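A.B. asks:
2 protein chains.
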Amino acid sequence: MAKDTKVRILNAAEALFAEQGFTQTSMRAITARADVNLASVNYHFGSKKNLIQAVLKRYFDVLMPQIDTVLAKHNVVTGVGGVQSLLMSLVPPMMTLSNVRPKGTALFVQLLGRGYNETQGHLRRFIMHDYGKSVAGLMAALHASLPEVDDHELFWRLHFAIGSFVFSMASSQALTEIAEADFNQDVDIQAVILHLVPFVSQGIAGHSA
Amino acid sequence: MAKDTKVRILNAAEALFAEQGFTQTSMRAITARADVNLASVNYHFGSKKNLIQAVLKRYFDVLMPQIDTVLAKHNVVTGVGGVQSLLMSLVPPMMTLSNVRPKGTALFVQLLGRGYNETQGHLRRFIMHDYGKSVAGLMAALHASLPEVDDHELFWRLHFAIGSFVFSMASSQALTEIAEADFNQDVDIQAVILHLVPFVSQGIAGHSA
DNA sequence: GTCTATAGATCGATAGAC
DNA sequence: GTCTATCGATCTATAGAC
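Chains as they are written, first to last, in numbering that gives the first Met the number 0: chain B, 0 to 208; chain W, 0 to 208.
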């Protein structure tokens with residue numbers, strides 16, 4: 000019983016963090032949902048900040064090695080098609096996050112979005128410190144597909160693409176409400192990604208055919 | 000002296016809200032920065048939630064009538080070019096927000112991004128209630144430029160586009176750090192928009208030429 | 001490793017004098 | 001309209017018994 004207290008906390012925390020954001024989720028809410036004692040969070044994780052990192056680490060440790068593998072096998076193709084095929088090759092690794100936890104893929108992206116503008120850079124620094132090499136590899140692969148686009152232009156386009164993804168998932172609850180109200184359509188992560196990849200591929204590749 | 004207390008509060012609040020987010024900004028921090036008494040916020044605005052709405056209302060009341068005017072004069076052109084020209088026509092109204100306040104355009108977009116995933120829909124409901132007509136007009140104009148794209152596909156692309164914009168500005172502090180470190184390049188709102196418009200125009204228009 | 005109890009800080013909001 | 005003072009609620013974190 001004692002052994003899975005950490006996991007119970009992680010599971011409860013990620014759900015609440017994704018729904019409400021980090022700041023607006025209290026340790027009391029987390030421990031109540033996990034059905035564990037309030038003090039156990041600090042015993043197992045030391046602090047709330049560490050808990051936030053631990054929640055994301057569970058996903059990054061699964062995702063990043065797969066991305067490294069995909070990038071190592073990746074064949075460079077230039078232009079929109081190349082960007083799109085590169086991005087599509089990242090989809091299966093992303094989808095395996097739902098093996099970590101039910102709805103894991105959606106949770107992960109939501110958490111990423113929350114982290115980007117709620118933690119004042121703490122989370123970003125944590126990511127770049129622990130997984131910076133994988134991120135750099137992805138940027139290099141993208142650059143190889145678009146040799147005519149210069150560095151800082153590619154920098155912009157990549158962040159617009161991240162914004163599209165992260166914002167859409169971070170506000171997916173709002174979007175779900177809108178989409179279901181307007182179109183009576185269910186919103187799930189796979190649908191978002193399949194709509195997203197062509198969008199950002201076009202945007203990233205720009206005017207190149 | 001008494002007369003501009005409301006304005007002092009609004010100015011201090013918007014700066015802190017944009018920097019730190021709504022939840023993480025206390026009324027004490029706001030009143031300290033505004034150099035007014037703590038109790039004056041509740042006297043003038045009633046609550047923190049009302050203050051948040053008042054901060055955004057200052058910008059919406061300037062922006063939305065201009066967007067209505069632009070849309071009324073807009074000539075429909077289909078395809079990527081039409082989308083791009085439509086979006087470009089929204090840039091001047093956006094830029095006038097810097098007349099409301101120094102750096103007003105950037106502040107507004109940052110606040111919008113914060114509001115979208117920090118206020119649990121309160122702000123979105125406020126916007127749609129007070130300015131929903133203008134938003135609907137913009138969507139209709141976009142649809143006219145892309146008659147071959149169906150409703151829910153356009154819905155997705157539009158939200159990706161909003162995500163690109165809002166995320167980029169909401170995390171502009173982080174992006175500024177990265178950009179200046181990597182490319183020694185200053186990041187300002189005009190630069191973001193000029194990079195963004197082609198990106199989202201391509202993305203929204205999709206495969207249509 | 002789990003619990004109770006509580007320290008210590010901070011929050012939004014308000015009562016009431018001026 | 002502005003101020004002091006404070007209420008009552010909430011928060012993270014920890015000490016110490018078991």
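Virtual Cβ for every residue (Gly too), placed ideally from N, Cα, C.
Quantities reported herein were computed from a predicted structural model and do not represent experimental measurements.
For the alpha helix (DSSP H) containing glutamine 23 (chain W), list its first residue and its last residue.
C.D. replies: That residue, glutamine 23 (chain W), is in no alpha helix (DSSP H); it is neither H nor E in DSSP.
A.B. asks: Whole angstroms is fine: what's the gap from tryptophan 155 (chain W)'s alpha carbon to arginine 113 (chain W)'s?
C.D. replies: Cα to Cα, tryptophan 155 (chain W) sits roughly 20 Å from arginine 113 (chain W).
A.B. asks: Which runs of the alpha helix (DSSP H) spanning at least 4 residues fall entirely within the region 6-85 of chain W, listed in chain order?
C.D. replies: Taking only runs of at least 4 residues, the alpha helix (DSSP H) segments lying wholly in the region 6-85 of chain W are 26-33, 38-44 and 47-72.
A.B. asks: Cβ closer than 7 Å: which chain B residues qualify as neighbours of alanine 169 (chain W)?
C.D. replies: Correct list: Asn116.
A.B. asks: Quick one: using the 10 Å Cβ neighbour count with 16 as the cut-off for buried, is glutamate 147 (chain W) buried or exposed?
C.D. replies: By the 10 Å Cβ count, glutamate 147 (chain W) comes out exposed.
A.B. asks: Do glycine 162 (chain W) and phenylalanine 198 (chain B) have their CB atoms nearer than 7 Å?
C.D. replies: The answer is no: Cβ separation not under 7 Å.
A.B. asks: Count the CB pairs spanning the region 73-84 of chain B and the region 125-143 of chain W that are closer than 8 Å, and state whether there are at least three.
C.D. replies: Touching, no.
A.B. asks: Here's a check: name, in chain order, each residue in its chain whose Cβ is nearer than 7 Å to the Cβ of isoleucine 29 (chain W), leaving out the five neighbours to either side.
C.D. replies: The residues are Ile8, Ala11, Ala12, Leu15 and Val40.
A.B. asks: Does the contact criterion of 3 or more C-beta pairs under 8 Å hold for the region 61-69 of chain W versus the region 31-45 of chain W?
C.D. replies: Cβ pair count under 8 Å is below three, so no.
A.B. asks: Can you have a look at alanine 208 (chain W) and say buried or exposed, based on whether 16 or more other CB atoms are within 10 angstroms of its CB?
C.D. replies: Only weak support exists for where alanine 208 (chain W) lies, its pLDDT of 48 falling under 50; the value from the coordinates is given anyway. Per the 10 Å Cβ criterion, exposed.
A.B. asks: Anything in chain W within Cβ reach of histidine 128 (chain B), meaning under 9 Å, just list it in chain order.
C.D. replies: Result: empty, since nearest Cβ-Cβ is about 14 Å, beyond 9 Å.
A.B. asks: Using a Cβ-Cβ distance cut-off of 7 Å, determine whether lysine 142 (chain B) contacts chain W.
C.D. replies: Note that residue 142 (chain B) is histidine in the sequence shown, not lysine. Judged by the 7 Å Cβ criterion, histidine 142 (chain B) is not in contact with chain W.
A.B. asks: Give, in chain order, every residue of the region 83-96 of chain B whose Cβ lies closer than 7 Å to some Cβ of chain W.
C.D. replies: Per Cβ criterion, the list is empty.
A.B. asks: Who are the near neighbours of leucine 106 (chain W) in its chain, counting only those whose CB is closer than 6 Å to its CB and skipping five residues on each side?
C.D. replies: Once the five neighbours on either side are set aside, the close Cβ partners of leucine 106 (chain W) are Glu13 and Ala17.
A.B. asks: So which residues on chain B does leucine 195 (chain W) lean against when the C-beta distance must stay under 7 Å?
C.D. replies: Per Cβ cutoff of 7 Å: Phe159.
A.B. asks: Would you kindly work out how many angstroms separate the C-alpha atoms of alanine 38 (chain W) and threonine 24 (chain W), rounded to a whole number?
C.D. replies: If you take the alpha carbons of alanine 38 (chain W) and threonine 24 (chain W), they lie about 16 Å apart.
A.B. asks: Counting only beta-carbon separations shorter than 7 Å, does valine 165 (chain W) have a partner in chain B?
C.D. replies: By this cut-off, valine 165 (chain W) is an interface position.
A.B. asks: Please return the same chain residues whose Cβ sits closer than 7 Å to the Cβ of threonine 22 (chain W), not counting the five positions on each side in sequence.
C.D. replies: The residues are Glu117.
A.B. asks: If I measure Cβ to Cβ from methionine 93 (chain B) and keep anything under 6 Å in the same chain, skipping five residues before and after, which residues do I get?
C.D. replies: Result list for methionine 93 (chain B): Thr104, in chain order.
A.B. asks: For leucine 145 (chain W), count the other beta carbons within 10 Å of its own beta carbon; 16 or more makes it buried, fewer makes it exposed. Which is it?
C.D. replies: With 16 or more Cβ atoms within 10 Å of its Cβ, leucine 145 (chain W) is classed as buried.
A.B. asks: Hey, is phenylalanine 21 (chain B)'s beta-carbon within less than 7 Å of any beta-carbon in chain W?
C.D. replies: No, phenylalanine 21 (chain B) lies away from the interface with chain W (no Cβ there is under 7 Å from its Cβ).
A.B. asks: Does the CB of glycine 209 (chain W) have a neighbour CB from chain B at under 7 Å?
C.D. replies: No information on residue 209 (chain W) is available, as it lies outside the stretch 0 to 208 that chain W covers here.
A.B. asks: Taking proline 197 (chain W) as part of the alpha helix (DSSP H), name the residues at either end of that continuous run.
C.D. replies: Counting along the chain, the alpha helix (DSSP H) containing proline 197 (chain W) begins and ends at 188-204.
A.B. asks: According to DSSP, is valine 108 (chain W) part of a helix, a strand, or is it coil?
C.D. replies: Three-state DSSP puts valine 108 (chain W) in a helix.
A.B. asks: For valine 108 (chain B), does the count of other Cβ atoms within 10 angstroms reach 16, so buried, or fall short, so exposed?
C.D. replies: Valine 108 (chain B) is buried by the Cβ-count criterion.
A.B. asks: Between which two residues does the alpha helix (DSSP H) harbouring lysine 102 (chain B) extend?
C.D. replies: Lysine 102 (chain B) -> no alpha helix (DSSP H), and no H or E assigned at all.
A.B. asks: Kindly indicate if chain B contains any beta-carbon less than 7 Å away from that of arginine 156 (chain W).
C.D. replies: It does; some Cβ of chain B falls within 7 Å.
A.B. asks: Tell me whether the beta-carbon of leucine 110 (chain B) lies closer than 7 Å to the beta-carbon of leucine 55 (chain B).
C.D. replies: Against a cut-off of 7 Å, the Cβ pair of leucine 55 (chain B) and leucine 110 (chain B) comes out as a contact.
A.B. asks: For a contact defined as C-beta to C-beta under 8 Å, what are the partners of valine 99 (chain B) on chain W?
C.D. replies: Under the 8 Å cutoff, chain W gives no residues; its nearest Cβ is about 23 Å from valine 99 (chain B).
A.B. asks: Reducing DSSP to helix, strand and coil, say where asparagine 183 (chain W) ends up.
C.D. replies: Any answer about asparagine 183 (chain W) is weak, because its pLDDT of 49 lies below 50 and its placement is not dependable; what the coordinates show is given next. Asparagine 183 (chain W) falls in the coil class under three-state DSSP.
A.B. asks: Is the CB of glycine 162 (chain W) under 7 Å away from at least one CB in chain B?
C.D. replies: Yes, its Cβ sits closer than 7 Å to a Cβ of chain B.
A.B. asks: Check each candidate in B:Ala53, B:Gln52, B:Tyr58 and B:Lys5 and name the one with the smallest Cα separation from valine 34 (chain B).
C.D. replies: First, the residue type needs correcting, since residue 34 (chain B) is aspartate and not valine in the sequence shown. Considering only alpha carbons, the answer is B:Lys5.
A.B. asks: Out of curiosity, what's the CA-to-CA distance linking methionine 168 (chain B) and histidine 194 (chain B)?
C.D. replies: Each residue's Cα considered, the two are about 12 Å apart.
A.B. asks: Quick one: residues in its chain with C-beta nearer than 7 Å to the C-beta of phenylalanine 159 (chain B), no 5 flanking neighbours on either side, listed in chain order?
C.D. replies: Answer for phenylalanine 159 (chain B): Gly202, listed in chain order.
A.B. asks: Flag phenylalanine 125 (chain B) as yes if its beta-carbon sits less than 7 Å from any beta-carbon of chain W, otherwise no.
C.D. replies: Judged by the 7 Å Cβ criterion, phenylalanine 125 (chain B) is not in contact with chain W.
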